[in-house]
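Take a look at the structure below.
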Amino acid sequence: MSSSQRAQEVLYESEAALRLVDQELLDLHSVHREEHRAVTAGLADLPYILERANAQILGVLSRLRESRAALQSSAVEKLQVTHEKLREVTSATEDAAINIMDACDRATQLVDELDTIDAASEPDREKAGAVRGTLRDELFLMMGALQFQDITSQQLNHASAVLVEMEHRLMDVAKLFDTNAANEPSPLTMANSVDMSTFDPNATTRDPEGRQALADEIFTAIRGTAA
Amino acid sequence: MKFLVVDDSATMRRIVINSLQRIGFSDTVEAGDGQEALAKFDSSVGFVITDWNMPNMSGTDFTKVLRSRPDGAQVPILMVTARSVKEDILTAMEAGVNNYIVKPFTPQVLKEKIDALLPAAAA
Numbered sequence: 001m002s003s004s005q006r007a008q009e010v011l012y013e014s015e016a017a018l019r020l021v022d023q024e025l026l027d028l029h030s031v032h033r034e035e036h037r038a039v040t041a042g043l044a045d046l047p048y049i050l051e052r053a054n055a056q057i058l059g060v061l062s063r064l065r066e067s068r069a070a071l072q073s074s075a076v077e078k079l080q081v082t083h084e085k086l087r088e089v090t091s092a093t094e095d096a097a098i099n100i101m102d103a104c105d106r107a108t109q110l111v112d113e114l115d116t117i118d119a120a121s122e123p124d125r126e127k128a129g130a131v132r133g134t135l136r137d138e139l140f141l142m143m144g145a146l147q148f149q150d151i152t153s154q155q156l157n158h159a160s161a162v163l164v165e166m167e168h169r170l171m172d173v174a175k176l177f178d179t180n181a182a183n184e185p186s187p188l189t190m191a192n193s194v195d196m197s198t199f200d201p202n203a204t205t206r207d208p209e210g211r212q213a214l215a216d217e218i219f220t221a222i223r224g225t226a227a
Numbered sequence: 001m002k003f004l005v006v007d008d009s010a011t012m013r014r015i016v017i018n019s020l021q022r023i024g025f026s027d028t029v030e031a032g033d034g035q036e037a038l039a040k041f042d043s044s045v046g047f048v049i050t051d052w053n054m055p056n057m058s059g060t061d062f063t064k065v066l067r068s069r070p071d072g073a074q075v076p077i078l079m080v081t082a083r084s085v086k087e088d089i090l091t092a093m094e095a096g097v098n099n100y101i102v103k104p105f106t107p108q109v110l111k112e113k114i115d116a117l118l119p120a121a122a123a
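These protein sequence lines map, in sequence, to chains A and B.
For the first sequence, this note's numbering begins at 1 and goes up steadily by one.
For the second sequence, this note's numbering begins at 1 and goes up steadily by one.
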């Protein structure tokens, strides 16, 4: 069972225990109101009832502590993964920016080289053609570096989905203590519902060569088996 | 040959289309998700390049539907996606893709995969 499932289960158990205590208190109250004439007999039972209520309250407190620990554990785990994803977004953005700037520097040098060739009394057209080819390669490399945008947007969507999930869990806890909270709209969900189908939680810019090699290996192995 | 490029990211569609133009394929049509791709697919399309994670209809669902159509049963389908765990790659194969490229990719990898599938497309 995952930590988040455990947290949810414990929350439900806590809620059930709280309802039991409510019932006990209601029973106690009705005994006093409806059986006024049997006050003496009721008083005799009171220590027992209070003892039972005390045991129930202790049980609820224990459940609440457990639910807090379970929630804390699953939330911390998810938030750590999200934190790591956000760090990767920063890193991927910086890497792409550096790659593009490096390509810009090389492209500028190539343009200077073309100017020098053009300035000659007898321009070397063949060399100019080769330089233009290299310049096109550099421009294309800049465009390829922009692939980070697709992957980082998936990572940010994942982070957003985790925040929405955390909000739901906090709302569940709030509902245990305040029934009015159940009717309150969820601000994050209303403002930004994340379409889970549009991102891969494991999307990464890291080690594309290794991941491509794995895909190639699987395709080759399965085709070999099928042949 | 006409290429159908399917990706919900406009940036990725442009990168793929520019890569195709660079290796000599300038006839392209693009779609933002599987549903739109199905609507745009016809017998003039000779090669499909699709992403996986998209709204409305994923790349794997699009592939399955396309494979069930008489005009899409044989067309080469290349999946270009950020998904790269073994189970995902196997799922894509089962859906019917012919090959798989992991994002971020280089134009060289794209060219290699297309070249490897082109004889199949010509057959």
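Quick reminder that beta carbons are idealized off the backbone N, C-alpha and C, glycines included.
*N202 (chain A) versus chain B: which residues are under 9 Å apart at the beta carbon?*
Here residue 202 (chain A) corresponds to residue number 202 of the first sequence, with the count starting at 1. Neighbours of N202 (chain A) on chain B, chain order: A82, R83, S84, V85, D88.
*Does DSSP classify P41 (chain B) as helix, strand or coil?*
As a first step, residue 41 (chain B) is located in the second sequence; it is residue number 41 there, counting from the start. Checking the sequence, you will find Phe at residue 41 (chain B) rather than Pro. In this structure, F41 (chain B) counts as coil in the three-state DSSP scheme.
*asked:* Check whether chain B comes within 9 Å of S153 (chain A), counting only Cβ atoms and requiring the distance to be less than that.
replied: In the first sequence, the residue the question calls residue 153 (chain A) occupies position 153. Yes, S153 (chain A) lies at the interface with chain B (some Cβ there is under 9 Å from its Cβ).
*asked:* For chain B, check one thing: does any of its Cβ atoms lie closer than 9 Å to the Cβ of M101 (chain A)?
replied: What you label residue 101 (chain A) is simply residue 101 of the first sequence in a count that begins at 1. So, not an interface residue.
_Quick check: the stretch 25-37 of chain B against the stretch 218-226 of chain A, are at least 3 beta-carbon pairs closer than 8 Å?_
Here the stretch 218-226 of chain A makes no contact with the stretch 25-37 of chain B; the two share fewer than three CB pairs at distances below 8 Å.
*Got a sec: is the Cβ-Cβ distance from K103 (chain B) to anything in chain A below 9 Å?*
Translated into the one-based positions of the second sequence, residue 103 (chain B) becomes position 103. It does; some Cβ of chain A falls within 9 Å.
*Rank A:F219, A:L214, A:T220 by C-alpha distance to the C-alpha of V85 (chain B) and give the top, closest one.*
Translated into positions along the second sequence, residue 85 (chain B) becomes position 85. When each option's Cα is compared against that of V85 (chain B), the closest is A:L214.
_Tell me the rounded alpha-carbon separation between I98 (chain A) and A145 (chain A)._
Position 98 of the first sequence, counted from the start, is the residue given in the question as residue 98 (chain A). Position 145 of the first sequence, counted from the start, is the residue given in the question as residue 145 (chain A). Distance between the alpha carbons of I98 (chain A) and A145 (chain A) is about 10 Å.
*Taking 9 Å as the CB-CB limit, is P208 (chain A) close to chain B?*
Here residue 208 (chain A) refers to the residue found at position 208 when the first sequence is read from its first residue. Interface flag for P208 (chain A) against chain B is set, since a Cβ pair is found closer than 9 Å.
*asked:* Per the DSSP calculation, M79 (chain B) is bridged to which residue(s)?
replied: Position 79 of the second sequence, counted from the first residue, corresponds to residue 79 (chain B). The partner list for M79 (chain B) (beta bridge, DSSP) reads B:T50, B:Y100.
*Does D216 (chain A) come within less than 9 Å of chain B when only Cβ atoms are used?*
Residue numbering aside, residue 216 (chain A) sits at position 216 when the first sequence is read from its first letter. Chain B, which has a Cβ nearer than 9 Å to the Cβ of D216 (chain A), makes this yes.
_On the criterion of 16 or more Cβ atoms from any shown chain inside 10 Å, does P76 (chain B) qualify as buried, or is it exposed?_
Translated into positions along the second sequence, residue 76 (chain B) becomes position 76. Buried, since its Cβ has 16 or more Cβ neighbours within 10 Å.
*asked:* Could you tell me which whole alpha helix (DSSP H) segments of length 4 or greater appear in the stretch 56-99 of chain A?
replied: none
_Interface residues of chain A facing R22 (chain B) [CB-CB closer than 7 Å]_ = Residue numbering aside, residue 22 (chain B) sits at position 22 when the second sequence is read from its first letter. What R22 (chain B) touches in chain A: F140.
*At which residues does the beta strand (DSSP E) containing V65 (chain B) begin and terminate?*
For the purposes of this step, residue 65 (chain B) is identified with residue 65 of the second sequence, where counting begins at 1. Here V65 (chain B) belongs to no beta strand (DSSP E); instead the alpha helix (DSSP H) covers 59-68.
*asked:* According to DSSP, simplified to helix, strand and coil, what is T116 (chain A)?
replied: By 1-based counting over the first sequence, the position of residue 116 (chain A) is 116. Note: T116 (chain A) maps to helix in three-state DSSP.
_Here's the rule I'm using: 16 or more other beta-carbon atoms within 10 Å means buried, otherwise exposed. How should P119 (chain B) be labelled?_
Looking up residue 119 (chain B) in the second sequence gives position 119. Flag for P119 (chain B) reads exposed.
*Do we get a CB-CB distance below 9 Å when we pair R211 (chain A) with the residues of chain B?*
On the first sequence, residue 211 (chain A) is found 211 positions in, with the first residue counted as 1. Cβ-Cβ to chain B under 9 Å: yes for R211 (chain A).
*What's the gap between the Cα of S44 (chain B) and the Cα of I117 (chain A)?*
Taking the second sequence and counting its residues from 1, one reaches residue 44 (chain B) at position 44. Taking the first sequence and counting its residues from 1, one reaches residue 117 (chain A) at position 117. The alpha-carbon atoms of S44 (chain B) and I117 (chain A) are separated by roughly 45 Å.
*Indicate whether L20 (chain B) and L110 (chain B) have their beta-carbon atoms separated by less than 9 Å.*
Start at 1 with the first residue of the second sequence, and residue 20 (chain B) comes out as number 20. Start at 1 with the first residue of the second sequence, and residue 110 (chain B) comes out as number 110. Yes, they are a contact pair.
*On the three-state DSSP scale, how would you describe E122 (chain A)?*
Residue 122 (chain A) sits at position 122 when you count from the first residue of the first sequence. Reduced to three states, the DSSP call for E122 (chain A) is coil.
*Any chance the stretch 128-147 of chain A sits against the stretch 103-110 of chain A, with 3 or more Cβ pairs inside 8 Å?*
yes
*asked:* On the CB-based measure, 16 or more other CB atoms within 10 Å of its CB, does G72 (chain B) come out buried or exposed?
replied: The count along the second sequence starts at 1 and reaches residue 72 (chain B) at position 72. Per the 10 Å Cβ criterion, buried.
*Is it buried or exposed for L180 (chain A), if we count other Cβ within 10 angstroms and need 16 for buried?*
The residue labelled residue 180 (chain A) in the question sits at position 180 within the first sequence. Reading off the sequence, residue 180 (chain A) comes out as Asn, not Leu. With fewer than 16 other Cβ atoms within 10 Å, it is exposed.
*asked:* Using a 10 Å radius around the Cβ and a threshold of 16 neighbouring Cβ atoms, would you call I89 (chain B) buried or exposed?
replied: Stepping through the second sequence from its first residue, residue 89 (chain B) is reached at position 89. I89 (chain B) comes out buried.
*Determine the burial state of K85 (chain A): buried for a count of at least 16 other Cβ atoms within 10 Å of its Cβ, exposed for fewer.*
Taking the first residue of the first sequence as 1, we reach residue 85 (chain A) at position 85. Buried, since its Cβ has 16 or more Cβ neighbours within 10 Å.
_Could you check whether the Cβ of D115 (chain B) sits closer than 9 Å to any Cβ belonging to chain A?_
Walking along the second sequence from the start, residue 115 (chain B) turns up at place 115. Taking Cβ atoms only, chain A never reaches closer than 9 Å to D115 (chain B), which makes this a no.
*Do you know how far the Cα of A10 (chain B) is from the Cα of M79 (chain B)?*
Position 79 of the second sequence, counting from 1, holds the residue named residue 79 (chain B). Position 10 of the second sequence, counting from 1, holds the residue named residue 10 (chain B). Here the alpha carbon of M79 (chain B) sits roughly 16 Å from the alpha carbon of A10 (chain B).
_DSSP three-state assignment for A123 (chain B), whether helix, strand or coil_ = As a working mapping, residue 123 (chain B) is identified with position 123 in the second sequence. A caution first: A123 (chain B) carries a pLDDT of 46, below 50, which makes its placement in the model too unreliable to give a value.
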